[in-house]
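Data first, discussion second: the structure below is written as structure tokens.
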């Protein structure tokens, strides 16, 4: 069975391997944008809804890869990708693999070698939105690898969301993904911890969020970081407005307040220790962004 949606020369046939919630969303978005779509999953029944809309269900991985010039991989990790594609055999020759699972930069580089040895071109990628936002033009997808491969298939990739090309280094997409998720978790943890702190005085999360998220984050934190980002590249941390010693004083007060209020204190204590390390390394008279110099090096093991 082939996809019955209207197609045109620019609508490249696409295969999707892996039909978890994200894989299902990818396949549906590709079909909705006119691509003849083939899918494969270890549990074939997961494709029933897609097949009802005209998507082709392949019986084997080799059949799925052979059906399209481009195969989108949405699997658990790189090890799963290798295990699944091993059965594709010669079908990989001359195909393009777009890997959208997460992992590490080292794994991304190894995947290029693996794909190239089997005659396939390879793009590494990262999905920066949840499944319900797949297919929206403003939803960001990150890609890295050969630019000619990306350029050739950019229109196809745009069916899933806004494709952002990061460069020829294949590890950049997964590195950006880790960095952005690092920012996300640190930000969420910061908000949750701060909410717990004011909550110790029976302040509701809704009341605190109005000030913290609607004013403080965009007006103070976001604008400050955007303004000072060029200084990070220059290693320039002028302390004329506030020094690391001043910030250490604030971090000490935050830590003591957490202890007094009976709130988990490990997070502010760690921030205090990082500031103390920056001061010990000679950054005491610089502003707080000088902790960037600490973060740029591997954690010291005592």
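Residue numbers (our numbering): 65 to 366.
Idealized CB from N, CA, C, for every residue including glycine.
Computed from a predicted structure; not experimentally measured.
**OP:** From the DSSP output, read off the bridge partner residues of residue 104.
**Re:** 81
Original post:
Using the beta-carbon count (16 or more within 10 Å), is residue 86 buried or exposed?
Top reply: buried
Original post:
Looking at C-alpha atoms only, which residue of 210, 213, 217 and 190 is the closest neighbour of residue 204?
Top reply: 190
Original post:
Which runs of the alpha helix (DSSP H), 4 residues or longer, sit entirely within the region 280-359?
Top reply: 287-298, 308-325, 330-342 and 355-359
Original post:
Which residue comes first and which comes last in the beta strand (DSSP E) that contains residue 206?
Top reply: Note, residue 206: beta strand (DSSP E), 204-208.
Original post:
Shortest alpha-carbon distance to residue 219 belongs to which of 99, 142 and 356?
Top reply: 99
Original post:
Which whole-angstrom value is the C-beta distance of residue 276 and residue 255, which I expect to be below 8 Å?
Top reply: 7 Å
Subject >> Residue range of the unbroken beta strand (DSSP E) whose run includes residue 188 >> reply: 185-191
**OP:** Consult DSSP for residue 161 and reduce its assignment to one of helix, strand or coil.
**Re:** Here residue 161 sits in strand by DSSP.
**OP:** Ignore the nearest five residues each way along the sequence and tell me which others in residue 156's own chain have a CB closer than 8 Å to its CB.
**Re:** 129, 149, 179, 182, 183 and 184
Original post:
Using the C-alpha atoms, what's the distance from residue 341 back to residue 132?
Top reply: 54 Å
**OP:** State the CB to CB distance for the pair residue 158 and residue 188, rounded to an integer number of angstroms; the pair is presumed to be in contact (CB under 8 Å).
**Re:** Contact doesn't hold; Cβ gap of about 19 Å is too wide.
Original post:
Quick one: Cα of residue 72 to Cα of residue 285, how far?
Top reply: Unreliable placement is indicated for residue 72, whose pLDDT of 44 sits below 50; no coordinate value is reported for it.
Original post:
Would DSSP call residue 133 helix, strand or coil?
Top reply: In the three-state DSSP reduction, residue 133 falls in the coil class, being neither helix nor strand.
Original post:
Would you call the region 299-318 and the region 352-362 in contact, with 3 or more CB pairs under 8 Å?
Top reply: With the cut-off at 8 Å, the region 299-318 and the region 352-362 touch.
**OP:** Please state whether DSSP places residue 361 in a helix, a strand or coil.
**Re:** coil
Subject >> the region 306-313 / the region 242-251 touching (three or more Cβ pairs under 8 Å) >> reply: no
**OP:** Select from 245, 261 and 117 the residue whose C-alpha is nearest the C-alpha of residue 328.
**Re:** 261
Original post:
Touching or not, the region 136-147 and the region 158-170, by the rule of three or more beta carbon pairs under 8 Å?
Top reply: Three or more beta-carbon pairs separated by less than 8 Å link the region 136-147 to the region 158-170, which places the two stretches in contact.
**OP:** Look at the alpha carbon of residue 212 and the alpha carbon of residue 160, and state the distance between them as a whole number of angstroms.
**Re:** Those two C-alpha atoms are separated by around 12 Å.
Subject >> Through-space distance from residue 102 to residue 109, alpha-carbon basis >> reply: 14 Å
Original post:
Using CA coordinates, which residue listed in 83, 95, 124 and 88 is at the minimum distance from residue 76?
Top reply: 95
Subject >> For residue 226, three-class secondary structure by DSSP >> reply: strand
**OP:** Please list, in chain order, all residues of the same chain as residue 197 whose beta carbon is under 6 Å from its beta carbon, the five residues on each side excluded.
**Re:** For residue 197, where only same-chain residues beyond five positions count, the Cβ hits under 6 Å are 203.
**OP:** Take residue 239 and list the residues in its own chain whose beta-carbon comes closer than 6 Å to its own, dropping the five residues that flank it on each side.
**Re:** 169
Original post:
Taking the alpha-carbon positions, what's the residue 263 to residue 226 distance?
Top reply: Straight-line Cα distance between these residues: approximately 39 Å.
Subject >> Residue closest to residue 122, alpha-carbon to alpha-carbon, out of 116, 113 and 105 >> reply: 105
Original post:
Under the DSSP definition of a beta bridge, which residues are partnered with residue 120?
Top reply: 102
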